[in-house]
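Comments concern the structure below.
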Amino acid sequence: MVYCDLHTHTRFSFDGADHSTPDALCRRALEVGLTDLAITDHCDVNGEVEGLYDIYDADAAYTAVMEAKEKYRGRLNLLYGIELGNAHQYPDYARAALARHPYEFVIGSLHNLRDVPDFYYINFEKMREPLVHSLFSRALDETMEMCAFDVDGRSPFTAVGHITYMHRYVAVGKRTMDFKRHYDKLAALYELIIKRDIALELNVSTLAKGLGITMPTLELLKLYRDCGGRLVTTGSDAHCPEDIGRAIRKGHALLLAAGFDEVLTVRDGERVLQKIN
Ligand SMILES: [Zn+2]
Ligand SMILES: [Zn+2]
12 MVYCDLHTHT RFSFDGADHS TPDALCRRAL EVGLTDLAIT DHCDVNGEVE GLYDIYDADA
72 AYTAVMEAKE KYRGRLNLLY GIELGNAHQY PDYARAALAR HPYEFVIGSL HNLRDVPDFY
132 YINFEKMREP LVHSLFSRAL DETMEMCAFD VDGRSPFTAV GHITYMHRYV AVGKRTMDFK
192 RHYDKLAALY ELIIKRDIAL ELNVSTLAKG LGITMPTLEL LKLYRDCGGR LVTTGSDAHC
252 PEDIGRAIRK GHALLLAAGF DEVLTVRDGE RVLQKIN
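254 is the number that the working numbering gives to position 243 of the sequence shown; each next residue is one higher, with no gaps.
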C-alpha cells in the first residue's frame, strides 16, 4: 500500500531546520514506512526578486538530493522536487528557475498576494469578517492566475500546494471560515486545474500542528470530486525530519471519506495513481 509524503523541506529552504538534510529526511522516511518522498524546497520567486528571502541554492540542493537518490535506490522512491512560490508574479524568473534542473515533482504555491506580505505575517484574530472574505477571494483570483502559468504552453505543476493556505492563518487566529460564498470561484479554480492536469494537494501540516483543519478541508475535497477532480497528492510540509509523514494517515481517512481511494505519485518519470486502501 502506498504511503507518500510529497511536500517536504530541507535546510536548502530558507525556513528549513539546520539538521534537515536530504539524507536525514530519507532515513526518517524509511523509519516511518514511507514508499514515496518528494523533497520540495522553496523557491519563492517574488521573495527572491524582491530581496525578501535568501536565494534558493538550487545547485547544492540538486547535488545533495541526487546523492540521496543513489543511496536509497530500491528502498524509497525519492523525488527531486521544488515548491515554486508565486510563479505568476515573475513568470520569466520562474521559468528560468525551473530550467536549471530536471525537477520530477513541481508544487505551485501561493504564499502571498501581490505587494502583500506572506499570510504567515497577517493577524486574522480581530480582522473584520468582510475583509477576511475579500482577502480569501483575492487569494483565489491569484491562485487562478498562478495555475494558468505555463512553460512552452504547458503547466509545469504536478500539484497545486495548500490551495487554501490563508485558511491556516485564519485558524491560527482561532477563527472558522465559511467557504460557501466562495464555491463558484473554487469550482472555477478546480475546473482549471483539472483541465491543466494539475493535481490537488492535500496538505496535512495544519493537522500535525493541532489546528484541526487540512488544506483543503474535507468539504472542499468533496467539492473537487463533485467538479470531476480525481488527482490528489498528500504532503506533510515537514521542515524537519521529525515531521516527515506526520498526519498523512489521517489525510488518507479524509480522502476516503471524500470518495478518493488512490493518490498520485511519480514513478520512473511517469505520473501514476496508487491505491491507499
Ligand atoms: Zn508553501
Ligand atoms: Zn512547503
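Just so you know, even glycine gets a beta-carbon here, dropped at the ideal spot from N, CA and C.
Taking the CB atoms as reference points, tell me whether residue 353 and residue 17 lie closer together than 9 Å. Nothing can be reported for residue 353: it is not among the residues displayed for the chain, which extend from 12 to 288.
For the alpha helix (DSSP H) that residue 178 lies in, which residues bound it at each end? Position 167 of the sequence shown holds residue 178. Its alpha helix (DSSP H) spans residues 176 to 183.
Is residue 286 helix, strand or coil by DSSP? Along the sequence shown, one-based indexing puts residue 286 at 275. If DSSP states are grouped into helix, strand and coil, residue 286 belongs with the strands.
At what residue ranges does the stretch 42 to 88 contain a whole run of the beta strand (DSSP E), taking only runs of 3 or more? Taking only runs of at least 3 residues, the beta strand (DSSP E) segments lying wholly in the stretch 42 to 88 are 47 to 55.
Helix, strand or coil for residue 118 per DSSP? Here the question's residue 118 lines up with position 107 in the sequence shown. In the structure shown, residue 118 falls within a strand segment according to DSSP collapsed to helix, strand and coil.
Could you compute how far the alpha carbon of residue 234 sits from the alpha carbon of residue 266? In the sequence shown, residue 234 corresponds to position 223, counting from 1. In the sequence shown, residue 266 corresponds to position 255, counting from 1. For residue 234 and residue 266, the distance between alpha carbons rounds to 12 Å.
Have a look at 78, 205, 54 and flag the residue whose alpha-carbon is nearest the alpha-carbon of residue 64. Position 53 of the sequence shown, counted from the first residue, corresponds to residue 64. The candidate whose alpha carbon is nearest that of residue 64 is 54.
Compute the minimum distance between the beta carbon of residue 96 and the heavy atoms of ligand 1, and state whether it is under 8 Å. Position 85 of the sequence shown, counted from the first residue, corresponds to residue 96. Correct: residue 96 has its Cβ closer than 8 Å to ligand 1.
Check whether the Cβ of residue 248 sits closer than 8 Å to any heavy atom of ligand 1, and report yes or no. In the sequence shown, the residue the question calls residue 248 occupies position 237. Yes - ligand 1 has a heavy atom lying nearer than 8 Å to the Cβ of residue 248.
So residue 140 is in the alpha helix (DSSP H); what residue range does that whole segment cover? The residue labelled residue 140 in the question sits at position 129 within the sequence shown. Its alpha helix (DSSP H) spans residues 140 to 158.
Take the Cβ of residue 264 as the centre, count every other Cβ of all protein chains shown within 10 Å, and call the residue buried at 16 or more, exposed below. As a first step, residue 264 must be located in the sequence shown, where it is residue number 253. Exposed: under 16 other Cβ atoms inside 10 Å.
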